[in-house]
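Q:
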Amino acid sequence: MCGIVGYIGNKSLDSVLLVGLKKLEYRGYDSAGIAILNNDEISIRKSKGKIISLEEKLDAKGFDGHAGIGHTRWATHGEPSTKNAHPHTNSTGSIAVVHNGIIENYVELKNMLSEKGYVFVSETDTETIPHLIDSEIQSGKDVKQAFYDAIQKLEGKFAIAMICEIEPDRIYFARNGAPLIAAFGKKSASESFLASDLPAIIPLAKEVTYLKDGDWGYIQAGTLEIYQGEKKYENIKIEPILIKEEEVNKGDYAHFMLKEIYEQPDIMQKIIDQRIDSNNRIFFNEMLFQNDYLSKIGRVIIQACGTSLNAGLIGKLYLENFCKLTTDADFSSEFRYRNPVIGGDTLVVGISQSGETADTLAGIHEAKAKFLKVLSFVNNNNSSIARESNAVIDLMAGPEIGVASTKAYTSEVLSLFLFSIYMSAIRWVLPKEEKKQLLDEIKSLPSQIASILKNLEPIQEISNYLKDVSSALFLGRTYNYASALEGALKLKEISYIHASGYAGGEFKHGPIALISEEVPSIVIVPQGEIRKKTISNLLEVRARKGKIISIITKGDDEVKDISDFFVEIPELSEPLSPLLTAIPMQLIAYFTAVYRGCDVDKPRNLAKSVTVE
Ligand code: F6R
């Protein structure tokens, strides 16, 4: 949700910043801008729309310098426009600021500054920051003190980078509740970076320091100073950057989403290899909770958002069925504000690909305020959610850049499955034979996913049909109820076709009224206990002339015969089947969006990492 990049060094500044912004575009893409310092003078270029429109405004001549900051925006205050695009400046243009987050007290600050004569030109909360810093400088402070005193007056969440003509060799920064990293290139390069996320500065940056909330300071070429409050860090933890360039590039794929869908067999294999040994023992070495604590948990509340919550709904069934643990799964934004009654033996589980989702983070704060322990499943171990949880499980999916989550979802489901089997062993619940059968089965998951990915023809045929509909329904039961929600979410978010997921049994209690020849149903019918009941739902649709697209186990001729279209998946027991049913639904959403000419990796109005509540 907004991306920030900063660079100070010898490389061509507009290209470093531009490349960085393109890599951060998944965080927001309604407008963008760059400010650079050249000969102690700040120049700015901004544009409405995606980075490509900004690129057109960057004439190679005359727009370069030695330090600069860039921003790609997801609008919160003020419509997407060039005027509201960052960087924002003070009235003389000598201070430029980029910001990710929300300044909650901006109205009071704006009133206070307006009374002092400051004139605002945008509708953003961000514009208060350069004016505020300016007013601190006008009161006689040096830039460092003025920056610190100004950020003390800000309420809300922010990651900020600032350049200033009076101190042209520094880029100031501050982090409070929004992600920000500082990094360095090769030792010889004498250069420093700031970014919202690592992909922006790979492959140039070689070492990184992950800033914490409350950190502020400045980077200079090849060095930095960090403060927490007034205290300077004596030892800054600097780590090598281990992510490889190919992990953050599309390679030969048309979109990140497609690349990430195709990465799933390898990721599932990696998780299986790292978590299960040859004796079917499960390991979560990074997870700090001891067995003694885990054996005493009385209840689990999973809280997450969007796709991560859909994975959580499946996790709830795993924990209930395999561990006999009372488990709820809730939207973080509801959990946070509905003041639930929770006993002290409750474990709160957060699930988040980005590890930065503001709602999920707020849910964690709520849990901790109630003195509850928090376990989080995250795809970024240096994220805010990872840091603020008592224990963390690494999703191991690698950077996910497509805005629609795919590989992180299956990593979440698989990790939740393995965690529940791990817990069931500690709590002596699951019979040995059942555990063995499930773990033996899960080992075939990577090759089964790969086999689905090889047979695109039926999927493309379905997408070709779906591209012309305006509404679609997804039905599933028990473990695949969440799959139906996830299938609907994928389709609507990238193709803009209205789609809703329903529990198959609930369908006849209202949603069935939507069925017509124009409104197809995508019905998830794997083998298992609920197959017969789901077939009844399918027949209910058929009787009302609704088109049926079914996701079936290979060779299920009965369902094939009553479907207009079908996709076959290999056989896997019902609890594990969501790991397979997800794949055709991801691909159906992908191809439907492509056939409709939608920007798959950057769907309208969305951003990858939602850092506002
Ligand atoms: C949908 C999607 C979102 C996210 C949600 C939570 O494809 O990606 O629904 O799942 O915003 O994000 P994380 O998992 O980063 O907390």
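In terms of my numbering, the sequence shown opens at residue 266 and continues consecutively. Note that the Cβ used here is the ideal one computed from N, Cα and C, for glycine as well.
What three-state label does DSSP hand Q410 in the structure shown?
A: Three-state result, Q410: helix.
Q: S296 to H353, Cα distance in whole Å?
A: 13 Å
Q: In angstroms with no decimal places, state the Cα-to-Cα distance between L640 and N655.
A: 6 Å
Q: Give me the residue from S312, L803, A361 with the minimum Cα distance to P345.
A: S312
Q: Looking at the unbroken beta strand (DSSP E) that takes in I307, where does it start and where does it end?
A: 306 to 313
Q: Assuming N303 is part of the beta strand (DSSP E), what are its boundary residues?
A: 296 to 303
Q: What does the Cβ neighbour count give for N729, buried or exposed, with the cut at 16 atoms within 10 Å?
A: Around the beta-carbon of N729, fewer than 16 other beta-carbon atoms lie within 10 Å, marking it exposed.
Q: Would you grab the beta carbon distance between F642 and L681 for me? Rounded to a whole angstrom, and I think it's under 8 Å.
A: 7 Å
Q: So, at 7 Å on beta carbons, what are the nonlocal neighbours of S716 in its own chain, with the 5 sequence-adjacent residues on each side left out?
A: P835
Q: In chain order, what residues of the same chain have a beta carbon less than 8 Å from the beta carbon of I532, not counting five sequence neighbours either side?
A: M661, A662, G663, K672, T675, S676
Q: Answer yes or no: the CB of E758 versus the heavy atoms of the ligand F6R, is any distance below 7 Å?
A: Relative to the ligand F6R, E758 has its C-beta within less than 7 Å of a heavy atom.
Q: Unbroken beta strand (DSSP E) runs of length 3 or more, entirely within the segment 628 to 675: which are they?
A: 638 to 643, 656 to 659
Q: Could you check whether the Cβ of T876 sits closer than 7 Å to any heavy atom belonging to the ligand F6R?
A: No, the beta carbon of T876 sits no closer than 7 Å to any heavy atom of the ligand F6R.
Q: Which runs of the beta strand (DSSP E) spanning at least 3 residues fall entirely within the segment 736 to 774, listed in chain order?
A: 736 to 741, 763 to 768
Q: Nearest-angstrom Cα distance between G382 and T876?
A: 32 Å
Q: Taking the alpha-carbon positions, what's the G563 to G516 distance?
A: 47 Å
Q: Heavy atom of the ligand F6R less than 7 Å from the Cβ of G571, yes or no?
A: Yes, Cβ of G571 sits closer than 7 Å to a heavy atom of the ligand F6R.
Q: Between S598 and the ligand F6R, is there a pair consisting of the residue's CB and a ligand heavy atom that are separated by less than 7 Å?
A: no
Q: Buried or exposed for D230, going by 16 or more other Cβ atoms inside 10 Å?
A: Only positions 266 to 878 of the chain appear in this structure, which leaves residue 230 out of reach.
Q: Can you grab the Cα-Cα spacing for the pair I629 / S649, in whole Å?
A: 10 Å
Q: Thinking just about the alpha-carbon of each residue, which of K509, V362, P696, S709 is nearest to the one in F438?
A: V362
Q: Could you tell me the boundaries of the beta strand (DSSP E) in which D595 lies?
A: 591 to 596
Q: How big is the Cα-Cα spacing for L574 and E401?
A: 44 Å
Q: How is N544 classed by DSSP in three states: helix, strand or coil?
A: Annotated three-state conformation of N544 is coil, per DSSP.
Q: Return the chain-ordered list of same chain residues with a C-beta closer than 7 Å to the C-beta of G752, the five sequence neighbours on each side being excluded.
A: F739, G766, I787, M850
Q: Among K708, P791, L704, S736, which one has its Cα closest to the Cα of R742?
A: P791
Q: If I measure Cβ to Cβ from D610 and keep anything under 8 Å in the same chain, skipping five residues before and after, which residues do I get?
A: K561, I562, G563, R564
Q: Are the segment 467 to 476 and the segment 522 to 530 touching by the rule of at least three beta carbon pairs closer than 8 Å?
A: As far as the Cβ criterion goes, the segment 467 to 476 does not touch the segment 522 to 530, which means the pair count is below three.
Q: Note down, one range per segment and in chain order, each alpha helix (DSSP H) of at least 4 residues found wholly within the segment 765 to 825.
A: Within the segment 765 to 825, the complete alpha helix (DSSP H) runs of at least 4 residues are 796 to 808.
Q: Along the chain, which unbroken stretches of the beta strand (DSSP E) at least 3 residues long are found entirely within the segment 429 to 478?
A: 436 to 441, 446 to 449, 457 to 460, 472 to 475
Q: Tell me where the beta strand (DSSP E) around Y272 begins and ends.
A: 268 to 273
Q: Please decide whether R861 counts as near chain D, where near means a Cβ-Cβ distance under 8 Å.
A: Within the model displayed, chain D is absent; a lone protein chain is all it includes.
Q: How is the alpha helix (DSSP H) around D705 delimited, first residue to last?
A: 697 to 707
Q: Taking a contact to mean a Cβ-Cβ separation below 8 Å, would you say N720 touches T846 in this structure?
A: no
Q: Measuring only from the beta carbon, is T591 closer than 7 Å to any heavy atom that is part of the ligand F6R?
A: no
Q: Compute the minimum distance between the beta carbon of A669 and the heavy atoms of the ligand F6R, and state whether it is under 7 Å.
A: Yes, since a heavy atom of the ligand F6R falls inside the 7 Å radius drawn around the Cβ of A669.
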